[in-house]
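One structure below.
In structure tokens, the structure reads:
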């Protein structure tokens, strides 16, 4: 959960605005329902209760390594983290001089979600797909592409361009996509978490 951080040099890097709020609400709901769970946590703006088993990571590569170690032992994996799509080809171990112009080269990061079923084919895999200012049909198409590419059993998709549903908001409006599409109108992330687990419960 949360947003990963990819360093440029020893003090700078790129990240995103993911808060971890949705991941935390899902963790709380799983705990209430009696699940044994582990949270893999990158950069978040929420306080995580001490009752949870937490593994802290920073970069996408670190998250990838931890997740692949964990998934063989779990029945459900929920991929709420906003993992950077790019990392720097060459990172400096010093602070880059800010008085000079800088060009940076990026390369795609490993898609963690596409590896989960390869490691544990029987795991129930829930993906999240955040898109920006696209139509409902396009969001559904993106979710179905993730199902095809990663083998996700369920995808929770939303448009983060909406004022009420951006990174860090307390509410969300989502589509839960598998063979069908369930529309969840604007509600609290706590309620969204309950609905997601209701859907998972129907399918496992």
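Numbering (the numbering used here), first residue to last: 5 to 208.
Every residue, glycine too, gets a C-beta built ideally from N, C-alpha and C.
Please determine if the stretch 14-31 and the stretch 42-55 are in contact, where contact requires at least 3 C-beta pairs separated by less than 8 Å. yes
So, using beta-carbon positions, are residue 155 and residue 121 closer together than 8 Å? yes
Residue nearest to residue 60 in terms of C-alpha spacing, selected from 77, 42, 76, 75: 42
Look at residue 95 and residue 11 and say whether their C-beta atoms are less than 8 Å apart. yes
Using 8 Å as the cut-off, can you tell me whether the stretch 63-73 makes contact with the stretch 103-112, which would need three or more C-beta pairs spanning the two stretches below that distance? no
Given a cut-off of 8 Å, decide if residue 144 and residue 160 are closer than it, judged by their beta-carbon atoms. no
Using a 10 Å radius around the Cβ and a threshold of 16 neighbouring Cβ atoms, would you call residue 129 buried or exposed? buried
Hey, could you find the ends of the alpha helix (DSSP H) residue 48 is sitting in? Note, residue 48: premise wrong, no alpha helix (DSSP H); not H, not E.
Could you spell out where the alpha helix (DSSP H) holding residue 198 opens and where it closes? 193-207
Output the residue ranges of the alpha helix (DSSP H) runs that lie fully inside the stretch 35-103 and measure 4 residues or longer, sorted by chain position. 64-74
Buried or exposed, going by whether 16 or more other CB atoms sit within 10 Å of the CB of residue 57? exposed
Candidates 92, 54, 125, 35: closest to residue 77 by CA position: 125
With distances taken from CA atoms, which of 33, 7, 55, 6 is nearest residue 202? 33
Bridge partner(s) assigned by DSSP for residue 121: Residue 121 is not bridged to any residue.
Taking the beta strand (DSSP E) that residue 177 falls in, what are its first and last residues? 175-181
Smallest Cα separation from residue 166: which of 182, 141, 137? 137
Determine the direct distance from the alpha carbon of residue 54 to that of residue 89, and round the result to whole angstroms. 30 Å
Using DSSP with H/G/I as helix, E/B as strand and the rest coil, what is residue 24? coil
Cα-Cα separation, residue 190 to residue 97: 45 Å
My output table needs one value for residue 141: the three-state DSSP class, helix, strand or coil. helix
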